[in-house]
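The next block holds one structure in the form of structure tokens; read it before the comments.
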Amino acid sequence: MRKAFVVSAALLLVAFALQFVFAAVGGFTKPSGDGAYALHSVNGMAVIPVLTLLTALFAALARAPGRLVGLAVLPLGLVVVQALLAMLATASTDAAGVSTAFGLTLGGLHALNGIIAVHVVVGVLRAARRLGGPVPVGDTREAVREGEPA
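Residue numbers for the sequence shown follow the numbering used here, beginning at 6 and rising by one.
Next up, the structure:
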């Protein structure tokens, strides 16, 4: 299960990297329409949540520390925040449909939250690799019962 944890965390990081690519594709698509961010939306609302849940499941099955399992679940919460920020930014336009300063600020927070999510996933992947790696020589510990000589 530890190898599955490492693989799913790596796939999750790839999905987040692609998320930035898909955002750029949407931003540079001309003419910009509702479909310009389709890949970004599908990846962010379907692929990333599924991979996050799989990563957290594999972390639990690999008997990772509780803190690491919690950290593996955190991107799911950040995805929810992402969706809320995107919806609020889109809804924060004036009567003519022009972006407002508030809406642009929310859009910037959307990008910042995405960067934070990537850093969380990098931390999960690093921890998963440490957990799944070989035990260093000299660090093997044997259980010693109370009252027995060590």
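Backbone N, C-alpha and C fix where the C-beta goes; we use that ideal spot for every residue, glycine too.
Check: Proximity of valine 84 and isoleucine 120 at Cβ, strictly below 7 Å; Outcome: no
Check: Three-state secondary structure assigned by DSSP to threonine 98; Outcome: strand
Check: CA nearest to the CA of phenylalanine 107, picked from Tyr42, Thr95, Phe33; Outcome: Thr95
Check: Which listed residue (Leu73, Gly32, Phe63, Phe21) has its alpha carbon closest to that of asparagine 48; Outcome: Phe21
Check: Check whether leucine 73 and alanine 132 have beta carbons under 7 Å apart; Outcome: yes
Check: Short Cβ contact (7 Å threshold) for leucine 93 with leucine 111; Outcome: yes
Check: Straight-line gap, glycine 75 to lysine 8 (C-alpha atoms, nearest Å); Outcome: 18 Å
Check: Coarse secondary structure for serine 37, derived from DSSP in three states; Outcome: coil
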